[in-house]
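Take a look at the structure set out below.
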Amino acid sequence: MSAPTSIHFGHLLRVLRYLQGASSQCLFYASDSPLQLHANSDSTWASDLIDHHSITGYCILLGSSPRTWKSKKQAVVSQSSTEAELRALATTTSEIIWL
């Protein structure tokens, strides 16, 4: 950043406080569990009665431990449950590639 402001400094302090408080937390991976990625995804079709958006959910496991998970309303209205499921699959695949 070429011109940080006091707002940016406040954000930096917030991140540093989080890191200081989370320094004792860690992920545990059992030595007898193979480190393979497993992913599950699902969606609900048009579950929001107001705007008819579907909801995507996924969980990605590394070995037997959860690595990342998310549940989020889809950005567009799917025309079928198949389309909603494919959008969930695409979101999960993007997350796996990012890992």
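No gaps in the numbering here: position 2 of the sequence shown is 2 in the UniProt record's numbering, and each next residue is one more. Backbone N, C-alpha and C fix where the C-beta goes; we use that ideal spot for every residue, glycine too. Just so we're clear, the structure is a prediction, and the values are computed from it rather than from any experiment.
Mapping the DSSP letters down to three states, classify residue i as helix, strand or coil.
i, result
"residue 52", "coil"
"residue 100", "The displayed coordinates of the chain run from 1 to 99. Any statement about residue 100 would go beyond what the structure contains."
"residue 37", "strand"
"residue 44", "strand"
"residue 99", "coil"
Near residue i, which residues of its chain fall below 8 Å by C-beta distance, leaving aside the five closest residues on each side in sequence?
i, result
"residue 37", "60, 61, 62, 67, 96 and 99"
Within a Cβ cutoff of 7 Å, which residues of the same chain sit near residue i, ignoring the five residues on either side of it in sequence?
i, result
"residue 52", "46 and 77"
Taking all protein chains shown into account, decide if residue i is buried (16 or more other Cβ within 10 angstroms of its Cβ) or exposed.
i, result
"residue 120", "An answer regarding residue 120 cannot be provided, because it is not within the stretch 1 to 99 covered by the chain."
"residue 92", "buried"
"residue 58", "buried"
"residue 43", "buried"
Give every residue of the same chain whose Cβ lies closer than 6 Å to the Cβ of residue i, excluding the five residues on either side of it in the sequence, and list them in chain order.
i, result
"residue 69", "59"
Notebook entry, point to check: Residue ranges of each alpha helix (DSSP H) run of no fewer than 4 residues wholly in the region 57-91, ordered along the chain?
Noted result: The region 57-91 contains no whole alpha helix (DSSP H) run of 4 or more residues.
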